[in-house]
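Undergrad: Mind looking over this structure? Questions follow.
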Amino acid sequence: MAAPNPAIVQLQKKVRQTIVDLGATPTGCHVGGSLSVADILIAAFISSDREQGDEVVLSKGHAAAGLYAVMHHMDMLPEDPAVGYGRRGSILTGHPNHKIPGIRFSTGSLGHGVAYAVGWALARKLKGDRRRGLVVAGDGELQEGLCWEAFQLASAQRLGNFVVVIDRNGGQNDGAVDDISPLENLDKRFESFGFRVETLDGHDIDALSARIVAHDLTGDRPLAIIAETVKGKGIPAIENNPACHYVVLKPAMAQKWKESMA
Amino acid sequence: MSLAGRVAYREELTRLAHQHPEIVCLEADLGGAKHPFQEAFPDRFYNLGIAEAAAVDCATAIALNGYTPFFSTFAPFAVLRSAESIKLSLAYMGANIKVVAPYAGVAGGWFGTTHHCLEDFAVIRSFPGIRILAPYGEEETREMVRLMVGTPGPFYMRLGRNGAYASLDGERDSHGIVWQGGSDQGVCLVSAGEMGTVAVLAAREQRGDLAHAHLCMLDQPALEIAAQAIAARCHTVLVVEEHRPMGGIGSALALLMPDCRVHSFNCGEKWPNSGGSHEEVLESLGFSTAALLEKIDTLTAAMA
């Protein structure tokens, strides 16, 4: 494996610091899932040209803090999200909304983002340019039937320009996905729906980007990337701890967590 | 000869699509095997399968890419299966989606409760920002399709099943209200939707020239205008609608017309769970010409 790109490493670190800062706001945030999805979002944005018609949708909208942090450090959101997040009058709500410049779809009610991205791919196929509709979904989110309605549609409409990346961190609100409603043979489930499937390290931005870019958008088969991730990634105190799903941090603890980052 | 509303919708949309390349027609497997839009514009027609919520969500992205998606399926599925998608996409995000819903009320007749929808006004009206249409007859349906094509923004249009009616003659004011005759001193009948209008016309044949205001625009801003216009002419109002009392047009107008007496003739709270034609199922719910006449007579007597 090639040495990590220093600029990407720096970006990852800044994003994680901002997510911790968001956890230390008065409302707190979904820290665990934001930390698990951050690298996927970075890879998704690196791989996409939204001005040319690609679209990236965060369907697991409860990871808004991760999205805001990534957008901020990738120059899509000028303000530091930790300043206004969750506060009275701020558009930076706990789940992303379409009033925020750069975000087209309000997400957070799970499953809808998947269908928005399928619709995006369908519309771009109709336009004839086959730009990409890419959605980042949670593994717990796949318990929503709407996801599978939408996957079925992507396959039926032969949307090679639809890509779903699953943030497989193994956790959900009340505990472990495996204990609540497991997703055994997830790769085979997608294969049986007609998808090309790849399982990757969800924190390897280069590998994720390379796979997204390499996918044949003009083909008939959508792409599912199962991104194996760690809930709470980057903060040793909470990695893989289901209790980090939603956190309200005291400033001193936030500082400690940031200092503990590699 | 008149066409049923759902047939008129398909024909008018297909006709308009010649001049409007932005129109995209979406169905959820209940548009019929030989949909005229599909035959004329196969590239812009999608049967998305039996996946109503996903269809509305897909329509959102299609609309954001500059198209005008029309999504149609039976009212119980369009409204209730897709309720959250309609809330988020049409109402909150304001997407330029037109939802067209035949089989509203109990138009499905013998199909049973699963295929009826006596709740659509209540559900859709509770989401701000969606224009609501309930045309009566072929011509008014075509007119409302033209309105939707020419007006950006979200719409919900309720239709029946196979009833083929000639749209009303009469004075149509600038807000789309059709006024028919009547003395302004008596009960004013306000019809909303297809069978509400059918019932009012039948009652007017029996009880002479009662005042009649036919409404085909039923969202809150439209009803605010209608309420003012009706209140300027009448004091006692009977709203006739194929809907439950809860969240219906009668309850909306009652709040908007505090100085008037607003009554409602509707489908009540029973479940439409027996067989029969559309009219017979309505009758099982107490929605019949005879029952309406009785209600009118009671109100008229109380006014004397």
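Read top to bottom, the protein sequences are chains P and F. In this text, residue positions in the first sequence follow the working numbering: the first is 1, and each later residue adds one. In this text, residue positions in the second sequence follow the working numbering: the first is 1001, and each later residue adds one. Every residue, glycine too, gets a C-beta built ideally from N, C-alpha and C.
(1) Does any residue of chain P bring its CB to less than 9 Å from the CB of F/Ser1072?
(2) Who are the near neighbours of P/Glu144 in its chain, counting only those whose CB is closer than 6 Å to its CB and skipping five residues on each side?
(3) To be precise: take each residue of the stretch 1107–1129 of chain F, compare its Cβ to all Cβ atoms of chain P, and keep it if any distance is under 7 Å. Which residues remain?
(4) How many Å lie between F/Ile1025 and F/Cys1117 at the Cα?
(5) Say whether chain P places a C-beta atom closer than 9 Å to the C-beta of F/Ile1062.
(6) Between the C-alpha atoms of P/Gly234 and F/Ala1033, what's the straight-line distance to the nearest angstrom?
(7) Could you please tell me which residues of the stretch 116–140 of chain P, in chain order, have their CB closer than 9 Å to any CB of chain F?
(8) F/Cys1216 by DSSP, collapsed to three states: which one?
(9) Terminal residues of the continuous beta strand (DSSP E) containing P/Val56?
(10) Any idea which residues DSSP pairs F/Tyr1046 with across the strands?
(11) DSSP three-state label for F/Cys1058, please.
(12) When you compare only the Cα positions, how much space is there between F/Pro1119 and P/Val247?
(13) In whole angstroms, give me the CA-to-CA distance for P/Asp54 and P/Ser48.
(14) Pick helix, strand or coil for P/Ile226, following the three-state DSSP scheme.
(15) Quick check on F/Cys1058 - is its C-beta less than 9 Å from some C-beta in chain P?
(16) Using DSSP with H/G/I as helix, E/B as strand and the rest coil, what is F/His1098?
(17) My understanding is that P/Leu231 touches P/Asn240, with C-beta atoms under 8 Å, so please give their C-beta distance in whole angstroms.
(18) Write down the C-beta distance between F/Gln1305 and F/Leu1168 rounded to the nearest angstrom, noting that I regard them as a contact closer than 8 Å.
(19) With a 10 Å radius around its C-beta and 16 neighbouring C-beta atoms as the bar for buried, classify F/Met1001 as buried or exposed.
(20) At the 9 Å Cβ level, is F/Tyr1046 part of the contact set with chain P, yes or no?
(21) In the DSSP assignment, find the beta strand (DSSP E) that holds F/Arg1158 and state where it starts and stops.
(22) From P/Leu11 to P/Gly23, what does the alpha carbon distance come to, in whole angstroms?
(23) Assess, as a yes-or-no matter, whether the stretch 1266–1278 of chain F is touched by the stretch 1103–1112 of chain F under the definition of 3 or more beta carbon pairs within less than 8 Å.
(24) Exposed or buried, which one is P/Gln157 when buried takes at least 16 other CB atoms within 10 Å?
(25) Under the assumption that P/Gly140 contacts P/Val177 (Cβ atoms under 8 Å), give the Cβ distance between them as a whole number of angstroms.
(26) Could one say the Cβ of F/Ala1054 lies closer than 9 Å to chain P's Cβ atoms, at least one of them?
(27) Would you decide whether F/Gly1196 is buried or exposed? Buried here means 16 or more other CB atoms lie within 10 Å of its CB.
(28) Can P/Val118 and P/Ala44 be called in contact, C-beta distance under 9 Å?
(29) Chain P partners of F/Ser1082, CB-CB under 7 Å?
(30) Any C-beta of chain F sitting closer than 9 Å to the C-beta of P/Gly234?
(31) F/Val1289 and F/Gln1206: beta carbons closer than 9 Å?
(32) Tell me which residue opens and which closes the beta strand (DSSP E) that F/Ser1072 is part of.
(33) For the stretch 147–161 of chain P, enumerate the residues whose C-beta is nearer than 8 Å to any C-beta of chain F, in chain order.
(34) State yes or no: is the C-beta of P/Met74 within less than 9 Å of the C-beta of P/Ile42?
(35) Looking at the ligand NAD, does it come within less than 8 Å of F/Arg1044, judged from the CB to the closest heavy atom?
(36) Listing by chain order, which chain P residues have their CB less than 8 Å from the CB of F/Ala1051?
TA: Let me lay it out:
(1) no
(2) Leu110 and Gly111
(3) none
(4) A small fix is needed here, since residue 1025 of chain F is Cys in this sequence, not Ile. Rounded to whole angstroms, F/Cys1025 to F/Cys1117 spans 23 Å at the Cα level.
(5) yes
(6) 55 Å
(7) Tyr116, Ala117, Val118, Gly119, Trp120, Ala121, Leu122, Ala123, Arg124, Leu126, Lys127 and Gly133
(8) coil
(9) Glu55 to Leu58
(10) F/Leu1026
(11) helix
(12) First, the residue type needs correcting, since residue 1119 of chain F is Glu and not Pro in the sequence shown. Each residue's Cα considered, the two are about 40 Å apart.
(13) 6 Å
(14) strand
(15) yes
(16) The amino acid occupying residue 1098 of chain F in the given sequence is Lys; His does not appear at that position. If DSSP states are grouped into helix, strand and coil, F/Lys1098 belongs with the strands.
(17) Per the sequence shown, residue 231 of chain P should be read as Lys rather than Leu. The pair is a contact, with the Cβ atoms about 6 Å apart (cut-off 8 Å).
(18) This structure gives no information on residue 1305 of chain F, because the portion of chain F shown stretches from 1001 to 1304.
(19) exposed
(20) yes
(21) Phe1155 to Arg1158
(22) 18 Å
(23) yes
(24) buried
(25) 5 Å
(26) yes
(27) buried
(28) no
(29) The premise fails here: F/Ser1082 is roughly 10 Å from chain P at the closest Cβ pair, so nothing lies under 7 Å.
(30) no
(31) Before going on, a small fix: residue 1289 of chain F reads as Thr here, not Val. Going by C-beta atoms, F/Thr1289 is nearer than 9 Å to F/Gln1206.
(32) Thr1068 to Ser1072
(33) Glu149, Ala150, Gln152, Leu153, Ala156 and Gln157
(34) yes
(35) The ligand NAD is absent from the structure shown, which contains no ligand whatsoever.
(36) Glu149, Ala150, Gln152 and Leu153
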